[in-house]
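Have a look at the structure below before the remarks.
There are 4 protein chains.
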Amino acid sequence: MGMVGGGSDAFIGAVHRLAAFMDNQCELVCGCFSVDPEISLSSGKSYFLPDNRVYKTYREMFENEAKLPAGERMDFVSIVTPNHVHFEPAMMALGGGFHVVIDKPMTFSLDEAKQLKAKVEETGLVLALTHTYSGYPAVKDAKARLARGDFGQIRKVYVEYPQGWLSKRIELEGGNNAGWRTDPNRSGKAGAMGDIGTHAWHLAEYITGLKVTELCAELKAFVPGRPIDDDGAALLRYENGATGVLMASQVAAGETNALKIRVYGENGGLEWRQTDPNILLLKWSDRPTEIMDVGGNAKLTPDALYNTRTPQGHPEGYLEAFANIYRNFANTVQAKFAGEQPDPRWADFPNVTDGLRGMQFIETVVTAGYDDSRKWVKWIE
Amino acid sequence: MGMVGGGSDAFIGAVHRLAAFMDNQCELVCGCFSVDPEISLSSGKSYFLPDNRVYKTYREMFENEAKLPAGERMDFVSIVTPNHVHFEPAMMALGGGFHVVIDKPMTFSLDEAKQLKAKVEETGLVLALTHTYSGYPAVKDAKARLARGDFGQIRKVYVEYPQGWLSKRIELEGGNNAGWRTDPNRSGKAGAMGDIGTHAWHLAEYITGLKVTELCAELKAFVPGRPIDDDGAALLRYENGATGVLMASQVAAGETNALKIRVYGENGGLEWRQTDPNILLLKWSDRPTEIMDVGGNAKLTPDALYNTRTPQGHPEGYLEAFANIYRNFANTVQAKFAGEQPDPRWADFPNVTDGLRGMQFIETVVTAGYDDSRKWVKWIE
Amino acid sequence: MGMVGGGSDAFIGAVHRLAAFMDNQCELVCGCFSVDPEISLSSGKSYFLPDNRVYKTYREMFENEAKLPAGERMDFVSIVTPNHVHFEPAMMALGGGFHVVIDKPMTFSLDEAKQLKAKVEETGLVLALTHTYSGYPAVKDAKARLARGDFGQIRKVYVEYPQGWLSKRIELEGGNNAGWRTDPNRSGKAGAMGDIGTHAWHLAEYITGLKVTELCAELKAFVPGRPIDDDGAALLRYENGATGVLMASQVAAGETNALKIRVYGENGGLEWRQTDPNILLLKWSDRPTEIMDVGGNAKLTPDALYNTRTPQGHPEGYLEAFANIYRNFANTVQAKFAGEQPDPRWADFPNVTDGLRGMQFIETVVTAGYDDSRKWVKWIE
Amino acid sequence: MGMVGGGSDAFIGAVHRLAAFMDNQCELVCGCFSVDPEISLSSGKSYFLPDNRVYKTYREMFENEAKLPAGERMDFVSIVTPNHVHFEPAMMALGGGFHVVIDKPMTFSLDEAKQLKAKVEETGLVLALTHTYSGYPAVKDAKARLARGDFGQIRKVYVEYPQGWLSKRIELEGGNNAGWRTDPNRSGKAGAMGDIGTHAWHLAEYITGLKVTELCAELKAFVPGRPIDDDGAALLRYENGATGVLMASQVAAGETNALKIRVYGENGGLEWRQTDPNILLLKWSDRPTEIMDVGGNAKLTPDALYNTRTPQGHPEGYLEAFANIYRNFANTVQAKFAGEQPDPRWADFPNVTDGLRGMQFIETVVTAGYDDSRKWVKWIE
């Protein structure tokens, strides 16, 4: 694998590497880790790379790597830059025949997302989008239980992602990740809704298998001077008649990453929280709530079990969820290289279609979020 | 005290009696416990009342009791009937010079609420509304902390009340409380929003001291054939610029009474859940979350402490919260009789003004909840 | 009911009154509330008693009350004094034909306990011992499930009661309950083991229905100068071959009343904690842990249900557990007066036999706790 | 790194590899993965090893690897076999100049442990013992807080490790890890006490920095026919006068890995549970309990912070704790190779001294556990 972004001054890049290395499937062979060539070089060194595989620009990287023999050149690239530097390197990578892992939201704009999707389809290459939370075994277990109808038809979805780290205008202080995230020129149209609202929206669609058809929203910047939303909420309508509520905030002071989802059907419901990620609560109208513990004595659904590493009772965490996306992506890519049919269990990592829908979500929620004259806004394709 | 409703076939009446008796301040001396005189009489017997203080109609009760000497007649009446039988007995009671405790929502319609408020003001009598959750010590602690500005200015309110007991159309089975609650002729305009949405709304206004100025809502009956909402959600705007989300559902299958509120200010927030009612979580931007346990080693605010009965570390529950309303009401009434100034600490039970606002909330949320053409509806006075 | 102790300067007396009044079955008609006649009198006034029913000594009370006509005199007495003032008033009460409620431990010494038991048997009167924790619905549910063999034969019992309030020598400060509890002349042979160890031991025998046959223990006073144990632990052997661990401490700084019990059988186990008293966790070897919530959607065992007051989903607490003991005792006493057979469901409050066993526990654990030369000490009858 | 054991039919080996790879510091270059050469070879293949680095015996491995040039041969070996196959390969490795990672308990017998320690000291090589739980950031945080005296002098330690997987005699079924663990010829003198009791004992000594000086214990095999303890408990005395209770069971049916520790000092205490491993509860005599969340807003102690990978609010798990041991060990080894002084922060992984003490713990607890004639047994050196 190669990497764009993720220098020693960044942080999500480190997560990508940990996740990729864990299962001994991916090896970092090259990268362009920073716009600053010094940082890129020193980062590469600290990642045990030879200097000639650390590049000054990603353009140079794609060009050079493409010239290397098959066994030597990178097989795929992980793009872990701010949102406005997703599209170009992704298009180049695909153009050069490289598979792609990309952080969410997939692109800066909806238009870019459409082009990228077209490119993926044209090239037949694989693109994985790191909506991490869908990698948790308990989340996969929830998805499987809802899909097989354990709770009857789905009626209600509550999904929320409260954070508090942007309660003050820390982007002015520098030296943190708040800078580009609160800058519409680098982040895109949405702030909190793009950064974490997309995660919440995706988790809900992933778990329920239901698509949002229209929504009603309010977005707001609570912190004076901030040019982009740091908070929002939306009422959701799903294709099957279910309704939902989505809440995302980066000014819920005191919270860190309290992502939580609840889904209710006709005879019960379930609840999952990222702060206790191995637990899935199964609630029933006529019997006790069950604690479905990934490490416990309950029988996991096969999909959930397949995405579990540790012996019974030993908690897995965020990195393992992330690693599940990498492992399933890498397996798929390997099958491609080998000309084999991928195992259906590998297919459930978020892909370019999820990426496009994510950008549509941003478009729709931003359109709805500031317009007091329209209550419901139809999903913008 | 006397009672209207609360026969042996009812259930909230029993809660009122437990709450009233606990502190040895209130004695049941008379009642009209049912529209069925047989049930009324047998209920009265089981409550240790002599037959001549058990009445066939509440009209008869108010008339007879008014004729009894001061030390013998009831001092106040508790009205624990379905919503459509709140207004008439309450007006009669006030007309007869009796103080009143009444279950929420206060009346069947907003218009009745206005008349009742006028009557209370005219008579100078005391009316308490049993929004039980405001009686919990931890809730009072939350209110005091927010009022003194521990968290800075309030920005966000999330309040939710998921129940699941109406996930099926059990009102057709009879023999349960669902009958009148899902019947607009007895319940009023709102179903879930009237029954539990008002609790959620009130809790939020009680804790924050902030008033809702407009809201955007969707209400729905999920269960086929049900003529009234069994689910709803609203986006809230508060007078100070804070925003909120309110969720109330009686089709969240598997939930019982998972009332929960979170409030966030500039530098922290708090969380309270009815399922663990002695715990108040205090969350901070710059230090660990604190578990403010009513029975723990933390220093409660004086108001919270005043409403606590049990020695340290012994959990109180719903009945004690209910009893706090009764105790503070009874103390206030006793002071009235004695011509004394009531202790300011007794004043915080919900009263006729809360009751009127509750009916305004129902009016506003029902107006907004079915109208797809208007996003925001201003609070209806 | 009458009361010995429980003046306005005491605190467990208030709990007894709240518990007794709640269900409208018991009325306080007389008392000797303090050794200080002034305090007794003023306490009586504040409890709405006429002066002539407030006595200077309990001897006077028993004598006078016995002379009153049946409908007027007290039916039973609650003894809520320090341990060294349990025996004499209890013997007098029984001698005068009064039923008795008494706080634990039942007496000051094992010898007194034997005499008291003989007296109860001789008189045929009823004695209830307020081991409160056995009054919780979830505890009764646990007992019923274990009794019917849900988990197979019982193998392991872990019971613990950590408190921290005696971490410093606060008994020297005065004005608190630590004085008599740390004074062997008033408390008896044991400190922490008598005060809370007996609760833990009783809870374990109550839930499992198994008796301890021998134990190995270490007791200790951690706080310098304290003449009695403030901490201890014991290994337990039960009659059926099960083993257990009991821990009781009053120097577990930071804890308040974290009483907890776990019992394991051949195919599962259960867990109950006083800090979350409506929850019983049911753990299974082959399926998810179940949250048996007294207020939830699970089917309680009949005994547990019978001891529940509040509508579904509303948490009960310590006072209701306490009130269950009073209600079941009062029902039993009423049946005695009426010459009727008591309902078998009333019989499960702790009685004089539990009280005697409690004193035997103290005798045994103190014997074992300081003797480094003997590992196992047989239960001292 | 090389590996002894850990074939595709084993399970702890997989954990070792995941932990070693995660930080991109260790690469698997050779191994002898099974006594069955077929399994060893196929395992090696699946781990992407060339056939010539997969060995039939570990003797062969150590001999061949020692002949390879420095940059090519393994730097250290991970020994992940059953207990009776720890000593010989470890001695050979050290003899061949290889550093060693070894699973706990360190050896089959105390005598072997002593020889191994002498060998480590003689060779100056590094040996790491994977007492995983000491690798958790929250555990390191606890250690640091206790060491700096946040809670005053330590008085009480409660440590427990309940599991339920050996509630039936599953070792007779084959195909599981129970076989060698319940066989004294492969496991050593202790069953549950060796497998998980050592973890509990080590965690307590690690966190408190205090050594056990004597203990009183009962060990037992609950499951009929099992020749080794599957359950036990011990009363502990520490060097500073503190006392403790240790519980370890593999017949606590329904539990998986509920390792938990509580430590109390003069003015507060702390609690950590493996089931919620990022949370450390800080309890205080005079203020609210604090939730020290590794991913939260609290300030971690520097040692804890150093052993954390993920961005704020994202839960780490068992594998990251394991990886901390590998990373700190690998850093230390690299410094050795480079002739540099290791960073003091790397030094806190469990080493050969911990391993020896662990074997002494087993010796002591087994001696005490079956002897009803001696209460206290002094630590056996």
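Residue numbers (my numbering), protein chains in the order written: chain Y, -9 to 371; chain P, -9 to 371; chain B, -9 to 371; chain C, -9 to 371.
We put the beta carbon where it would ideally sit given N, CA and C, even for glycine.
Since this is a predicted model, take the numbers as computed values, not measurements.
Can you tell me the Cα-Cα spacing of residue i and residue j, whole angstroms?
i      : j      : result
Y:W155 : B:A238 : 42 Å
P:P217 : P:T172 : 7 Å
B:E306 : P:L309 : 7 Å
P:D338 : B:G181 : 42 Å
B:L295 : P:D101 : 42 Å
Y:H304 : B:K326 : 57 Å
P:N314 : P:A9   : 8 Å
B:D220 : B:F1   : 21 Å
B:L200 : B:A194 : 8 Å
B:L39  : B:S24  : 15 Å
C:S68  : C:L58  : 18 Å
Y:N449 : Y:M81  : Here chain Y comprises residues numbered -9 to 371, so residue 449 of chain Y is not present and cannot be evaluated.
B:V5   : Y:V147 : 44 Å
P:A134 : P:P340 : 16 Å
C:G3   : C:G184 : 19 Å
B:K250 : C:E261 : 15 Å
P:Y123 : B:A168 : 34 Å
B:A127 : B:F312 : According to the sequence shown, residue 127 of chain B is Pro rather than Ala. Approximately 11 Å, taken between the alpha carbons.
C:Q264 : C:Y196 : 15 Å
C:R176 : C:K109 : 23 Å
Based on DSSP bridge pairs, tell me the residues matched to residue i.
i      : result
B:V91  : B:S68 and B:A118
C:C20  : C:G(-8)
B:I144 : B:G255
Y:P152 : Y:S239
P:V356 : P:V356 is not bridged to any residue.
P:V367 : P:L205
C:V75  : Its beta-bridge partners do not exist; DSSP assigns none.
P:D44  : Residue identity check: residue 44 of chain P is Val in the sequence provided, not Asp. In DSSP, P:V44 forms a bridge with P:G21.
Just tell me which of the options has its CA closest to the CA of residue i.
i      : options                           : result
Y:L106 : Y:L346, Y:L271 and Y:W369         : Y:L346
Y:D131 : Y:W366, Y:L272 and Y:I370         : Y:L272
Y:G34  : Y:E62, Y:G(-4) and Y:R49          : Y:G(-4)
B:T298 : B:D26, B:N318, B:G348 and B:G(-8) : B:N318
Y:A207 : Y:G329, Y:G285, Y:D362 and Y:D26  : Y:D362
C:P332 : C:V116, C:V241 and C:N230         : C:V116
P:D87  : P:K104, P:G114, P:M96 and P:P267  : The question names Asp, but residue 87 of chain P in the sequence shown is Gly. When only C-alpha atoms are compared, the closest one is P:G114.
Inset, instruction - Write down every uninterrupted run of the alpha helix (DSSP H) in the region 306 to 354 of chain B whose length is 4 residues or greater and which is fully enclosed by it, in chain order. - result: 308 to 328
Legend entry - Contact the region 311 to 328 of chain Y vs the region 316 to 325 of chain C: 3+ CB pairs below 8 Å: no
Inset, instruction - Decide yes or no for the touch test of the region 282 to 296 of chain P against the region 242 to 253 of chain P: beta carbon pairs closer than 8 Å, at least 3 of them. - result: no
Inset, instruction - Report yes or no: do three or more beta-carbon pairs, one from the region 40 to 54 of chain P and one from the region 9 to 17 of chain P, lie closer than 8 Å? - result: no
Legend entry - the region 251 to 259 of chain B touching the region 141 to 150 of chain B, judged by at least three CB pairs closer than 8 Å: yes
Legend entry - Meets three-Cβ-pair contact criterion under 8 Å: the region 48 to 64 of chain C and the region 347 to 365 of chain C: no
Legend entry - Within the region 182 to 267 of chain Y, ranges of the beta strand (DSSP E) (whole runs, at least 3 residues): 202 to 210, 221 to 228, 233 to 239, 250 to 254 and 258 to 263
Legend entry - Complete alpha helix (DSSP H) runs within the region 267 to 302 of chain B (minimum length 4 residues, chain order): 292 to 296
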